[in-house]
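First comes the structure, then the notes that go with it.
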Amino acid sequence: MRRVVAVCCIVVFAFLIGSCRETPDDGKKPKKNTKGTIGVSVLTMTNPFFKEIADVLTADMNKAGYDVVAVSGDLDVAKQQKQVQDFLVQKVSAIVLCPCDSKAIGPVIREANKQGVPVFTADIACLDPDAKVVTHVATDNYEGGKQAGEAMIEALGDNGGKILVLDFQKVDSCILRIKGFDEVLKKHNDGRATGKIKVVKRLPCDGEKDKGYRATQDTLQSDPDIVGIFAINDPGALGARAALERANKTAQIKIIGFDGQPEGKQAILEGKIYADPIQFPDKIAQETARAILRHFQGNPLGSEILIPTSLYRKADAEKDASLKK
0 MRRVVAVCCI
10 VVFAFLIGSC
20 RETPDDGKKP
30 KKNTKGTIGV
40 SVLTMTNPFF
50 KEIADVLTAD
60 MNKAGYDVVA
70 VSGDLDVAKQ
80 QKQVQDFLVQ
90 KVSAIVLCPC
100 DSKAIGPVIR
110 EANKQGVPVF
120 TADIACLDPD
130 AKVVTHVATD
140 NYEGGKQAGE
150 AMIEALGDNG
160 GKILVLDFQK
170 VDSCILRIKG
180 FDEVLKKHND
190 GRATGKIKVV
200 KRLPCDGEKD
210 KGYRATQDTL
220 QSDPDIVGIF
230 AINDPGALGA
240 RAALERANKT
250 AQIKIIGFDG
260 QPEGKQAILE
270 GKIYADPIQF
280 PDKIAQETAR
290 AILRHFQGNP
300 LGSEILIPTS
310 LYRKADAEKD
320 ASLKK
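For the sequence shown, numbering that gives the first Met the number 0 assigns the number 0 to the initial residue and increments by one for each residue that follows.
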């Protein structure tokens, strides 16, 4: 009898030990402890500028103990609105947006406001006056646009001439770039009898290479004597350059871009783009992360944080160790 009891005890003990070692039968790993989740939706992940904002912001918030869900709006404000609504269902701690449309994004930001979820914008602002954003972190696009205007004057010299502007009217950052650019040209032209720079056409490129190509191609057919192009970002500028190469107009027309992406800087080194006011997506992401953490700590923030641009010419590219010489 004692032998039977002893065997039973051993069996029960072995069963208990085995049970302690078993993993949950649902197959899910225990979640790590986090302070919360940050929802991020950028304009598009196909543009390296916005991809870098998402990546750096994710890394910085992870270091601070937060999970990040980063998605691409794919230039579609309706898709981005749905993404924000998904964030709200997930009970995120904060939302960061690079809006696909500065005005149309307003209603979904107001939904977040009603639920008490803080919203931050990066690079592109919200222009809905009834939508509350904690703070906006961006390049000083207005001053950058003025630098682009100065670069165009420098590139064309005393002759001046007709130019094309490739814009993106749905987003605040590009509107500000064009505003600064136009103001510099107006000041340059005032009182001049010769050497004026005249914008003969404004066409949307929406920040995309293929649209920049098509818009430039169309302009070359209707205004073959243009001498300059200002594109609101590097993809638009590179699309314009491809159109000039196809039309054998590269020697005639100077291009001013905006961004300072690696491909844009390489094009400046090779003389394909004259100059760029360059911006710093890593700094935008870092400042956005700092702003979120300061807000969580109860510290006051200003309505915007602006990061200056720097005009980047061929001489800068020649000293840039990151480029292929």
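Don't be surprised by glycine CBs; every beta carbon is placed ideally from N, CA and C.
- Beyond the five residues adjoining it in sequence on each side, P234 comes within less than 7 Å, by CB distance, of N46, G206, E207, K208 and G211 in the same chain, given in chain order.
- Counting along the chain, no beta strand (DSSP E) covers D139, and no H or E run does either.
- Unbroken beta strand (DSSP E) runs of no fewer than 3 residues, entirely contained in the segment 116–185, are found at 118–121, 135–138 and 160–166, following chain order.
- Rounded to the nearest whole angstrom, the C-alpha separation of S309 and F180 is 15 Å.
- If you ignore the 5 residues before and after N140, its C-beta comes within less than 6 Å of the C-beta of S172, L175 and R176, all in its own chain and listed in chain order.
- Here DSSP, grouped into helix, strand and coil, assigns S221 to helix.
- Within the DSSP secondary-structure output, G38 pairs in a beta bridge with V68 and I94.
- Per DSSP, G227 is one residue of the beta strand (DSSP E) stretching across G227 to A230.
- Using a Cβ-Cβ distance cut-off of 8 Å, the segment 273–281 and the segment 253–263 are in contact, since at least three pairs of beta carbons, one from each stretch, lie closer than that value.
- Beta-bridge partners assigned by DSSP to K208: none are found.
- Scanning T36, E110 and A320 for the CA closest to the CA of D129 turns up E110.
- Residue burial is scored here from C-beta neighbours: P106 has fewer than 16 other C-beta atoms within 10 angstroms and is therefore classed as exposed.
- Nearest to D85 by alpha-carbon distance, out of A58, K200, A69 and Q216, is A69.
- For D85, the enclosing alpha helix (DSSP H) stretches over residues V76 to V88.
- Sixteen is the threshold: when 16 or more other Cβ atoms of the shown chains lie within 10 Å of the Cβ of D275, as they do, the residue is buried.
- Going by C-alpha positions, A290 is about 8 Å away from T134.
- Cβ atoms of D127 and K169 stay farther apart than 8 Å, at about 13 Å.
- V83 and D189 have their C-alpha atoms spaced approximately 46 Å apart.
- Shortest Cα-Cα distance from G38 to any of V67, R201 and D59 involves V67.
- The segment 142–162 makes contact with the segment 221–228; the number of CB pairs closer than 8 Å reaches 3 or more.
- For P203, the enclosing beta strand (DSSP E) has its first and last residue at I196 to P203.
- Less than 8 Å separates the beta-carbon of V76 from that of A103.
- Selection L96, L74 and P117 evaluated against K90 yields P117 as nearest (Cα-Cα).
- As summarised for the segment 286–319, the continuous beta strand (DSSP E) elements at least 3 residues long and confined to that stretch are 303–306 and 309–311, given in chain order.
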